[in-house]
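Here the first sequence stands for residues 1 to 108, where the numbers follow full-length UniProt numbering.
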Amino acid sequence: MGFFERVYEIVRKIPKGKVATYGQIARMAGEPRKAKIVGWALHQNPYQGDVPCHRVVNRHGELAGGFAFGGREVQKDLLIKEGIIFDANEKINLGIYLWSSKEENINS
DNA sequence: TTCATGACTAATT
DNA sequence: AAATTAGCCATGA
Numbered sequence: 001m002g003f004f005e006r007v008y009e010i011v012r013k014i015p016k017g018k019v020a021t022y023g024q025i026a027r028m029a030g031e032p033r034k035a036k037i038v039g040w041a042l043h044q045n046p047y048q049g050d051v052p053c054h055r056v057v058n059r060h061g062e063l064a065g066g067f068a069f070g071g072r073e074v075q076k077d078l079l080i081k082e083g084i085i086f087d088a089n090e091k092i093n094l095g096i097y098l099w100s101s102k103e104e105n106i107n108s
C-alpha cells in the first residue's frame with residue numbers, strides 16, 4: 001500500500017464532527033514530513049465520496065482556501081452539518097474538533 | 001530527465 | 001507579529 005492509500009485510509013477514519021490536519025495525517029501515516037504530499041493525495045482524491053476530504057484542514061483549522069472540491073463554502077456547509085462550528089474567523093476550533101486518534105490509526 | 005509548483009509546517013528573520 | 005526561508009517529495013510540463 002502506498003503512501004496515498006494510507007492517507008485515504010486515515011482520512012476515511014476521521015469520525016463525523018471531527019477534523020484532522022495534514023501534518024497530523026502525515027504523522028499518522030508514518031511520514032511526518034509529507035504533509036504536503038497529503039495535500040496532493042487529497043487533491044487527487046480518487047475516493048471522493050468515500051474519503052471525507054472536507055474534514056481535513058491545515059494546522060490552523062482553516063479550510064484549504066481557494067479551491068477544494070468545489071469551494072470552501074461547500075466545505076464549510078458540510079462541516080457545519082456535521083456539527084462543527086466555525087469561529088468568527090471562519091476557522092475551526094481545533095481544541096474541540098481536532099481528531100486525536102493516535103490509537104485508531106492504520107491497523108497494521 | 002530536469003524544473004517549477006503545491007489542499008503544508010516549522011524555524012528563522 | 002508578520003514575512004521569509006527551508007525542507008519535504010509527488011506530479012506535470
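All C-beta atoms in this analysis are idealised placements derived from N, C-alpha and C, irrespective of residue type, glycine included.
All values derive from a computational prediction rather than experimental measurement.
{"Check": "On the CB-based measure, 16 or more other CB atoms within 10 Å of its CB, does Trp40 come out buried or exposed?", "Outcome": "exposed"}
{"Check": "Leaving out the 5 sequence neighbours to the left and right, which residues in its chain are closer than 8 Å to Leu63 when beta-carbon positions are compared?", "Outcome": "Val57, Arg72, Gln75, Lys76 and Glu90"}
{"Check": "Looking only at its own chain, which residues have a Cβ that is under 7 Å from the Cβ of Tyr22, when we skip the five neighbours before and after it?", "Outcome": "Ala35, Val38, Gly39, Val56 and Asn58"}
{"Check": "Using DSSP's beta-bridge definition, name the partner residues of Leu98.", "Outcome": "Val19"}
{"Check": "According to the neighbour-count rule (16 or more other Cβ atoms, all chains shown, within 10 Å of its Cβ), is Lys18 buried or exposed?", "Outcome": "buried"}
{"Check": "Check whether the Cβ atoms of Ala20 and Trp99 sit closer than 7 Å, and answer yes or no.", "Outcome": "yes"}
{"Check": "Whole angstroms are fine: how far does the CA of Leu79 sit from the CA of Asp87?", "Outcome": "13 Å"}
{"Check": "Look up residue 110 in the DSSP assignment and give the residues it is bridged to.", "Outcome": "Nothing can be reported for residue 110: it is not among the residues displayed for the chain, which extend from 1 to 108."}
{"Check": "Are Val7 and Ile25 closer than 7 Å when you measure CB to CB?", "Outcome": "yes"}
{"Check": "What is the DSSP secondary structure of Ile10, reduced to helix, strand or coil?", "Outcome": "helix"}
{"Check": "Under 8 Å by Cβ, that's how I've got Leu94 and Gly49 pegged, so tell me the actual separation to the nearest angstrom.", "Outcome": "With 8 Å as the limit, Leu94 and Gly49 do not qualify as a contact, their Cβ atoms being about 26 Å apart."}
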